[in-house]
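Residue numbers (full-length UniProt numbering): 34 to 486. Just so you know, even glycine gets a beta-carbon here, dropped at the ideal spot from N, CA and C.
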Ligand code: 4AD
Ligand code: MG
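See below:
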C-alpha cells in the first residue's frame, strides 16, 4: 500500500487505492458494528476519518495513541470530509494511557491549561495550528525579504555589546571559568544578544538592504503577557534611508505581506483562533489590512492625547516618559483600533544609536514604534546617527566610546544615512491571532523562574 500523509489522503487523489497512514488518534468512537477514529499527523488541522469493522480493532487503541492504519481510501458519504479510510488493519505503534494523559477526548482545553504541558501541548489542535501558522509566517517573512532584494545575515548569538543599553543582558560563561575578565573564556564579558542591529549596521556598509531573523534574549523580570526572556526578532537595516517614512513603508509592507500569506495558506488554522480563542478578532485583522497606510502620529501628539484622557490610566504620563502598555493600547483604540506609528520620541529615551532630530526646545530622536491592537508595541526602529561628530559625543556622554570605536569606524569610512527596525515575532502572532498571552505563541517559552525542558 502507498504510504500517505493525512493531508495527502484528504486530497482524495488515491480514492479506491490501498493505502497506509500513520498518526495519532485524536478521537475514538466505538459503535456496535463499527469503530470510528480520527487520525492526525500534524500535516493539517483536519484529521482523517477511519472506519473499521469492530472486529479488527486493536485492544490497545485509545485516545492519544500512535497508530498505523492500512485500508482502502473511499469517498466519504458525509459532506464534512471528502474521504475516509476503510480500515483492514489497525496497529497500535505507541500506547497512550488515557487516565494519565493530560488531554481528554472531546474536551476543548484552554491555552492556559495546555501551557502546563510544554512537552505535550503540540498534540492539541490549537497548539498544532499555532505551530503551522508560525512556520508559515516564518517562510513568508523570508520570502518578503527575498523578493524585495534584502540579504539575509546570520548575526551572532554571543556578543560583547549591549545594543539597547538597557542592561537586560544574560552573561555567558562556561562552567568552571570565571566572570572576571581575566580567566574568562573570551577574555571579555560576553552576552546573549538582545538585538542583531549593530551587526546589521556593519553589513549595511556594503549591502544596502539586509535583514536577520533569529532568537534574541532579554533578562526581563516582568511576568507580563507580552515579554519573554527568549523571543524571536525580525530585524531589517536599510542604507540610503533619509526619512522615517522610508522605514514605515517597509514595516507596513512586511506586516501586510506576511499576514496575507498566513491568511491564504493557513485558513483553517487561523479560523480556529478567530472562532474559538478570540471571537471577532478576524475583523480587527481585516481592518488593518484594509488600510492602505497606517496612521502616523508624533510622540508629542500622542502625549497630548494621553494627557487629555488621563482618567483611563493607572499611570499618568507626561512628555519625557516612556509609553506604557496601557498608553499604547489606548492610542491604538483612539486611532480606530488599527496599527499606528508613533514617531519622534524624546532623545533621552532612545539608545545611543538613534539619530538626533536637533529640534528645540524638546529634543527628539528620529525613532518610530508600530503599535498594534491587543498588543501595543510590535516594532521599534529608528534612523541611525550617521554623523561622526554627533555620534562620538553621544557615545562619550554615555561612557561608551571605548567599546564602540569599531562603530565609529562605520561613520568614518563611507557613512550613509541609514535606518532599520525590529519586529517581535511572537507579538506579531499574538496580534494576528488575538492571543492574549505571549507564552502561547512560542513552542518553548522562557521567562523568569521558568525554563521547562
Ligand atoms: O524595541 P526594541 O527593543 O528594538 C530593538 O531591539 C532595535 N535594536 C531593533 C532594530 O532597530 N533593529 O525591540 C524590537 C521589538 C519590540 O518592538 C517588541 O515587539 C519585541 O522586539 N520585543 C519583545 N518581544 C518579546 N519579549 C520581549 N522581552 C521583547 N522585547 C522586545
Ligand atoms: Mg522598543
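Can you tell me the Cα-Cα spacing of residue 483 and residue 459, whole angstroms? Position 450 of the chain shown, counted from the start, is the residue given in the question as residue 483. Position 426 of the chain shown, counted from the start, is the residue given in the question as residue 459. C-alpha separation (whole angstroms): 18 Å.
Limits of the unbroken beta strand (DSSP E) element including residue 91 = Counting from 1 along the chain shown, the entry for residue 91 is found at position 58. For residue 91, there is no enclosing beta strand (DSSP E), as DSSP gives it neither H nor E.
Residues bridged to residue 410 [DSSP beta-bridge criterion]: For the purposes of this step, residue 410 is identified with residue 377 of the chain shown, where counting begins at 1. In the DSSP assignment, residue 410 forms a beta bridge with 404.
Quiz prompt | Completely contained alpha helix (DSSP H) runs for the stretch 77-147, where each covers 4 or more residues | solution = For the stretch 77-147, whole alpha helix (DSSP H) runs of length 4 or above, ordered along the chain, are 144-147.
Specify the secondary structure class of residue 390 as computed by DSSP and reduced to three states. As a working note, residue 390 is residue 357 in the chain shown. Three-state DSSP puts residue 390 in coil, outside helix and strand.
Requested in this report: Pull up the distance between the alpha-carbon of residue 317 and that of residue 295, whole angstroms please.
Outcome: Mapped onto the chain shown, residue 317 falls at position 284. Mapped onto the chain shown, residue 295 falls at position 262. Near 15 Å, if we compare the C-alpha coordinates of residue 295 and residue 317.
Just to confirm, is the Cβ distance from residue 454 to residue 269 under 8 Å?
One-based indexing of the chain shown puts residue 454 at position 421. One-based indexing of the chain shown puts residue 269 at position 236. Cβ atoms of residue 454 and residue 269: closer than 8 Å.
Count the CB pairs spanning the stretch 46-56 and the stretch 97-109 that are closer than 8 Å, and state whether there are at least three. Note that the stretch 46-56 touches the stretch 97-109; at least 3 beta-carbon pairs, one per stretch, sit closer than 8 Å.
Among the residues of its own chain, which have a CB less than 8 Å from the CB of residue 210, if the five just before and after it don't count? For the purposes of this step, residue 210 is taken as the residue at position 177 of the chain shown. These residues qualify, in order along the chain: 216, 217 and 218.
Counting by C-beta, which residues lie closer than 7 Å to a heavy atom of the ligand MG, in chain order?
-> In chain order, the residues with a C-beta atom nearer than 7 Å to some heavy atom of the ligand MG are 402, 410 and 413.
**Q.** Spatially closest choice to residue 258 from 418, 64, 410 and 119, by CA coordinates
**A.** The residue given as residue 258 occupies position 225 in the chain shown. Checked all of 418, 64, 410 and 119; the closest Cα to residue 258 is 410.
Going by the CB atoms, is the gap between residue 445 and residue 421 shorter than 8 Å?
-> In the chain shown, residue 421 corresponds to position 388, counting from 1. In the chain shown, residue 445 corresponds to position 412, counting from 1. With respect to residue 445, residue 421 sits close: the two C-beta atoms are nearer than 8 Å.
- Task: Answer yes or no: the CB of residue 455 versus the heavy atoms of the ligand 4AD, is any distance below 7 Å?
- Result: Position 422 of the chain shown, counted from the first residue, corresponds to residue 455. At least one heavy atom of the ligand 4AD is nearer than 7 Å to the Cβ of residue 455, so yes.
**Asked** Between residue 266 and the ligand 4AD, is the CB less than 7 Å from at least one heavy atom?
**Response** Taking the first residue of the chain shown as 1, we reach residue 266 at position 233. Answer for residue 266: yes, Cβ within range of the ligand 4AD.
Worksheet item: So, are the CB atoms of residue 335 and residue 382 less than 8 Å apart?
Response: In the chain shown, residue 335 corresponds to position 302, counting from 1. In the chain shown, residue 382 corresponds to position 349, counting from 1. 8 Å or more divides the Cβ of residue 335 from the Cβ of residue 382.
Is residue 66 helix, strand or coil by DSSP? The count along the chain shown starts at 1 and reaches residue 66 at position 33. When secondary structure is reduced to three states using DSSP, residue 66 falls in the coil class, being assigned neither helix nor strand.
Q. Would DSSP call residue 271 helix, strand or coil?
A. Here residue 271 is taken as the residue at index 238 of the chain shown, counted from 1. Secondary structure of residue 271 (DSSP, three-state): strand.
request  = Would you check if the distance between the CB atom of residue 284 and the CB atom of residue 412 is smaller than 8 Å?
outcome  = Counted from its first residue, the chain shown places residue 284 at position 251. Counted from its first residue, the chain shown places residue 412 at position 379. In this structure, residue 412 lies closer than 8 Å to residue 284 by Cβ.
Original post:
What's the C-alpha gap between residue 323 and residue 77?
Top reply: Stepping through the chain shown from its first residue, residue 323 is reached at position 290. Stepping through the chain shown from its first residue, residue 77 is reached at position 44. Using only the alpha carbons, I get a separation of about 28 Å.
### Message
Report the start-end ranges of each beta strand (DSSP E) in the stretch 409-485 that is 3 residues or longer and not cut off at the edges.
### Response
The qualifying runs are 409-416 and 451-457.
* Provide the residue span of the beta strand (DSSP E) that contains residue 374, from first to last. => One-based indexing of the chain shown puts residue 374 at position 341. Run containing residue 374: 373-376, per the beta strand (DSSP E) assignment.
Start-to-end residues for the beta strand (DSSP E) that takes in residue 330:
Here residue 330 corresponds to residue number 297 of the chain shown, with the count starting at 1. From DSSP, the beta strand (DSSP E) with residue 330 extends over 329-331.
Which same chain residues end up closer than 6 Å to residue 150 when comparing Cβ atoms and leaving out the 5 residues on each side of it in sequence? In the chain shown, the residue the question calls residue 150 occupies position 117. Leaving aside the five residues that flank residue 150 on each side, the residues in its chain whose CB is nearer than 6 Å to its CB run, in chain order, 135.
Tell me the residue span of the alpha helix (DSSP H) that contains residue 292.
Taking the chain shown and counting its residues from 1, one reaches residue 292 at position 259. Looking at the DSSP string, the run of the alpha helix (DSSP H) that includes residue 292 is 277-298.
message: Tell me whether residue 361, by its Cβ, gets closer than 7 Å to a heavy atom of the ligand 4AD.
response: In the chain shown, residue 361 corresponds to position 328, counting from 1. Checking the Cβ of residue 361 against the ligand 4AD gives no.
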